[in-house]
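Notes to accompany the following structure.
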Amino acid sequence: MSEAQTPSAPPMPLFFKRVVGVNPQLHSHLRLDRSVGYGFAAKAQSVPIGLTEFDAVAQHYPILFTTGPNPVPVALLGLRDGDNLFVKPDGTWQSDAYVPAYIRAFPFIFVEDLNNKNLVVGMEPDAEHIRPDLGAPLFEDGRPSPALNEAVGFCQAFREAVNAAAGFGRALEAAKLLEEEEATVNFTAGGTARIRGFKIVKPDRLADVEDAKFLDWRRMGYLNAIYAHQFSAGRWGRLIDLGAPRPQVTH
2 MSEAQTPSAP PMPLFFKRVV GVNPQLHSHL RLDRSVGYGF AAKAQSVPIG
52 LTEFDAVAQH YPILFTTGPN PVPVALLGLR DGDNLFVKPD GTWQSDAYVP
102 AYIRAFPFIF VEDLNNKNLV VGMEPDAEHI RPDLGAPLFE DGRPSPALNE
152 AVGFCQAFRE AVNAAAGFGR ALEAAKLLEE EEATVNFTAG GTARIRGFKI
202 VKPDRLADVE DAKFLDWRRM GYLNAIYAHQ FSAGRWGRLI DLGAPRPQVT
252 H
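Numbering (my numbering), first residue to last: 2 to 252.
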């Protein structure tokens, strides 16, 4: 008889080390300080995006799809694993670039309560944003504060947008519009960077989509997302500029 194995815990979402439910009995003394910046995202080469933010993301980052049977769209933030080119050393974001919603939602996230089969608001309790001394209170007189309500509302909207984006990815995969690619960047100052493990929409395959499905996709916002994805290919140049090795200054 084989030895029984303990099932492994599901992986934590990006940026989270542990998630606890937001509770007024436990967290009434805590505050939310957004001024700490985005240092927590400095090693995120990519982040998931929602269907409603495709247009905004496409203005600043390449939009790619993950590999596997359920591809999801992501914003590419760097050319190397563990390197986000848009977080500056002081933790601020590049001032002229859109901050993806997944990053703005942190340190909050909706998680499923497996016991009650419903969603609860969770947070990363060890995030720099959560502190007892500075920022807006999470609770006032035992009730969620305006700051917490705003954060929860944002997370709820983003969750819906991410679920819609996941459906979009599944539809593209089922229609065989996605193809796995890789990119090699050769910097003029020397050095290379190779990005693997992503998919893109092959434009020539759009003509094979039947008319009824095409109209349905237009209604669901999928066509705009496809065009934004294609437009975003022009954003590779910005990544290359930011990621290029800087020449050594000699005196």
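Built from N, CA and C at the ideal position, the CB exists for glycine as well.
Residues of its chain near residue i, where Cβ-Cβ distance is below 6 Å and the 5 sequence neighbours each way are ignored
| i | result |
| --- | --- |
| PHE16 | PHE41, PHE107 |
| ALA165 | LEU52 |
| TRP237 | PRO63 |
| HIS30 | PRO133 |
Span of the alpha helix (DSSP H), counted from its first residue to its last, around residue i
| i | result |
| --- | --- |
| ALA229 | 223 to 232 |
| PRO12 | Neither: PRO12 is in no alpha helix (DSSP H) and is coded neither H nor E. |
| VAL153 | 147 to 175 |
| GLY238 | 237 to 244 |
Residue i: first and last residue of the uninterrupted beta strand (DSSP E) it sits in
| i | result |
| --- | --- |
| ASP114 | 109 to 114 |
| ILE196 | 193 to 202 |
| VAL48 | 47 to 49 |
Whole-number beta carbon distance between residue j and residue i, since they are thought to touch under 8 Å
| i | j | result |
| --- | --- | --- |
| ALA175 | TYR223 | ALA175 to TYR223, Cβ: 12 Å. No contact. |
| GLU54 | PRO101 | 7 Å |
| LEU33 | LEU139 | 6 Å |
| VAL48 | VAL75 | 6 Å |
| GLU183 | ARG197 | 4 Å |
| LYS200 | LEU65 | 7 Å |
DSSP beta-bridge partners of residue i
| i | result |
| --- | --- |
| SER36 | The partner list for SER36 (beta bridge, DSSP) is empty, contrary to what the question assumes. |
| GLY22 | GLY123 |
| ASN187 | THR193 |
| GLU54 | Bridge partners of GLU54: none, in fact. |
| GLU181 | LYS200 |
Own chain partners of residue i with C-beta closer than 8 Å, once the 5 adjacent residues on each side are dropped
| i | result |
| --- | --- |
| ARG81 | GLN46, ALA194, GLY244 |
| ASN71 | ALA167, GLY170, ARG171, GLU174 |
| GLY83 | LYS44, GLN46 |
| THR7 | No answer about THR7 holds up, because its pLDDT of 39 lies below 50 and its placement is not dependable. |
| LYS18 | GLU125, ASP127 |
Same chain, Cβ closer than 7 Å to residue i, neighbours up to 5 away in sequence not counted
| i | result |
| --- | --- |
| PRO137 | One point to set straight first is that residue 137 is Ala, not Pro, in the sequence displayed. The residues are ARG32, LEU33, SER146, ALA148. |
| TYR99 | ALA57, VAL58, GLN60, HIS61 |
Contact test: residue i Cβ vs the ligand FMN heavy atom, cutoff 6 Å
| i | result |
| --- | --- |
| VAL202 | As for the ligand FMN, it is missing from this structure, which has no ligand bound. |
Whole runs of the alpha helix (DSSP H) within the region 58 to 143, excluding any shorter than 4 residues: 102 to 106
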